[in-house]
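Below is one structure; the comments refer to it alone.
Residue numbers (the working numbering), protein chains in the order written: chain F, 93 to 425; chain C, 93 to 425.
In structure tokens form, the structure reads like this:
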């Protein structure tokens, strides 16, 4: 396995990316990583670490795509950025199996499609994050979470098939449950898009379990939730917004609650941390761009070394298990 | 003020509706209520209460629309249901100023439009709930939260104007901030619908502050969030889903955390309850159906007597301040 790591663009880069890559090769002995970005910075971050130097390669790229860059313009113009160099290397060199980046999501989507390109049977690539749920060790995959904001039913069917293959490949679930995000559980519910998609999914060979409402995003009731990228983005961000604001309110209630509340918080802290860790994907990985010719994972922008390591190992698993071939096969079945 | 209360259809009906109505008339001395539903049940629930009997009227209706009923069919066929009788009375009798129901939302929307009817300038009525936020005493209004799942930009403009009038009328905010729900903050973001709507709102006389992402649903940053009913429904339900699952996980972490966690919980309980009460609209009211000829409020299905009282007083406030005329005026400006 040879995995490319875009070491710039994320909040904790390059340190987190470099350290995560070293953790990954120290754990997986057949893995080689190519670290892309400002050579001197990468070397400085590698210096204190202990690892097998034969399995770390550096590809110099002096420019960086930031979150303020417009995706399409950045991919076209920032030819020397770590992301574009990483994508080009992935596309051009057969030996590389996949890539991880914690940079600008839009740019990665655009660059993935323009440079690495879609699989032959794929009309649109989709962004499929892993959503942690209230059920222990149970995750829900959302396709699409924002790559395609205007969709038609045939695209949603494609997302459903790719999501199904993805869950089978990543989690070894034999018959993943696939649900359609809708504004009600009943078959007749929905807008023009979901009503038509429902009938298509119902008549597919997928293990389609019908509609779910967005309350089910974190319930852990289904394996794959299919939706257009606009609705997926809305659902994920309002879930995140609620979690963040809940913690904010709790913090302010504790600070305003005097000694009693502070003592209560100290005693309850392990339980609160266990909830926080349950809602984290740090050890699971990032969001995959489904439908491209090679595996690309978008790690969260705030990723530290452990999420980077997890995302790199996730790419390995998906590449080793030939997810791209399986997606082609699934779409042609 | 004469307000109609549909006393059936909600989880705690008729008790909560009847008690809420009595609380409302005991607080507001110029208020008369008409309680609609099974006469004998309403009388039984009134019997132990102390109130001015001249200001409570009972309108008998022996049937009930449940949440399992299909909205359109229920409104057409259940002519003797408390909801249909209430809506017909509201539509036909000038003296009644508005209505509260905690029954089937879809049926109330359908019945409101078919029986009470839209204002002359309104193309589509929308459902506008009050969303509690992390900021104390600050609420955000969402239009539309589910009445119209397929929208065009002109409908979204109408929702924006109605939402603006609503916030001015209910909360005495002079220049409400109006934002568009989108998948990014930048002007160029969005799907076909939001991109076109952005330009329309930007060129309107509203205090349009641009796009918000759904993380802002509970941040308290804006007064009105405009969106199509599908996206609004998704955002609200994932917010609710996260809140519910967070509490579920916290509970299980406390139960599994031994004596230490349980003691911590007891000490922290007042702080946790203060967060819970901050996220409640029990004292504020329900979701209004904006754009109809009279004021109709949908109280939450799980409403107890205090939310019923709040919703009834909310109808009074909106009717006294002539919201329907103001909406007509706003749409014709």
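Glycine included, every Cβ here is placed at the ideal spot set by N, Cα and C.
| Item | Value |
| --- | --- |
| How far does the beta strand (DSSP E) with residue 272 of chain F in it reach, from first residue to last? | 270–273 |
| Does any CB atom of chain F fall closer than 8 Å to the CB of residue 307 of chain C? | yes |
| When you compare the CB of residue 346 of chain C with every CB in chain F, is at least one pair closer than 8 Å? | yes |
| Quick one: which unbroken beta strand (DSSP E) runs of 3-plus residues sit fully inside the segment 281–348 of chain F? Chain order, please. | 300–304 and 316–318 |
| Is there at least one Cβ from chain F nearer than 8 Å to residue 282 of chain C's Cβ? | yes |
| When DSSP labels each residue in this structure, what does residue 129 of chain C get in the three-state scheme? | strand |
| Spatial neighbours of residue 377 of chain F within its chain, please: C-beta separation below 6 Å, excluding the five flanking residues on both sides. | 402, 403 and 406 |
| What three-state label does DSSP hand residue 218 of chain F in the structure shown? | strand |
| If we count the other Cβ atoms within 10 Å of its Cβ and call it buried at 16 or more, is residue 281 of chain C buried or exposed? | buried |
| State the DSSP-derived secondary structure class of residue 155 of chain F, mapped to helix, strand or coil. | strand |
| Is it a yes or a no for the segment 97–108 of chain C touching the segment 117–133 of chain C, going by three-plus beta-carbon pairs under 8 Å? | yes |
| Does chain C have any CB closer than 8 Å to the CB of residue 247 of chain F? | no |
| Is the Cβ of residue 221 of chain C closer than 8 Å to any Cβ of chain F? | no |
| With DSSP as the reference, label residue 203 of chain F as helix, strand or coil. | helix |
| Return the CA-CA distance between residue 112 of chain C and residue 371 of chain C, expressed in angstroms with no decimal places. | 21 Å |
| Can you name the residues of chain F whose CB is closer than 9 Å to the CB of residue 352 of chain C? | 359, 360, 362 and 363 |
| Verify the CB distance criterion: does residue 315 of chain C have a CB-CB separation below 8 Å to chain F? | no |
| What's the C-alpha gap between residue 287 of chain F and residue 279 of chain F? | 8 Å |
| For the beta strand (DSSP E) holding residue 96 of chain F, just list the boundary residues, first then last. | 94–98 |
| Let me see if you follow: with CB-CB separation under 8 Å, is residue 338 of chain C close to chain F or not? | yes |
| Tell me whether residue 190 of chain F sits in a helix, a strand or coil according to DSSP, three-state version. | strand |
| Using Cβ-Cβ distances below 7 Å, what residues of the segment 388–403 of chain F are close to chain C? | none |
| Taking the beta strand (DSSP E) that residue 382 of chain C falls in, what are its first and last residues? | 379–382 |
| Excluding sequence positions up to five away, which residues of its chain have a Cβ less than 6 Å from the Cβ of residue 152 of chain F? | 131 |
| Can you list the residues of chain F that residue 349 of chain C reaches, using a CB-CB cut of under 8 Å? | 360, 362, 363 and 366 |
| Tell me whether residue 140 of chain F sits in a helix, a strand or coil according to DSSP, three-state version. | coil |
| Could you tell me the alpha carbon to alpha carbon distance between residue 416 of chain C and residue 424 of chain C, rounded to whole angstroms? | 13 Å |
| Go to residue 225 of chain F, then tell me how far its alpha helix (DSSP H) extends in each direction, as first and last residue. | It is not in any alpha helix (DSSP H) - residue 225 of chain F carries neither H nor E in the DSSP assignment. |
| Checking contacts by CB at 8 Å: is residue 405 of chain C closer than that to chain F? | no |
| Tell me whether residue 295 of chain F is buried or exposed, calling it buried when 16 or more other Cβ atoms sit within 10 Å of its Cβ. | exposed |
| Applying a beta-carbon distance threshold of less than 8 Å, which residues of chain C neighbour residue 111 of chain F? | The contacting residues do not exist; residue 111 of chain F stays about 29 Å from chain C at best. |
| Only counting the same chain, and skipping five residues up and downstream in sequence, which positions put a Cβ closer than 7 Å to that of residue 182 of chain F? | 96, 188, 191, 208 and 386 |
| Give the interface partners of residue 100 of chain F over in chain C, defined as CB-CB distance under 8 Å, in chain order. | By Cβ distance, chain C contributes nothing, its closest Cβ being about 22 Å from residue 100 of chain F, past 8 Å. |
| Per DSSP, which one or two residues make a beta bridge with residue 210 of chain F? | F:384 |
| In angstroms with no decimal places, state the Cα-to-Cα distance between residue 332 of chain F and residue 384 of chain C. | 34 Å |
| Whole angstroms is fine: what's the gap from residue 340 of chain F's alpha carbon to residue 353 of chain C's? | 21 Å |
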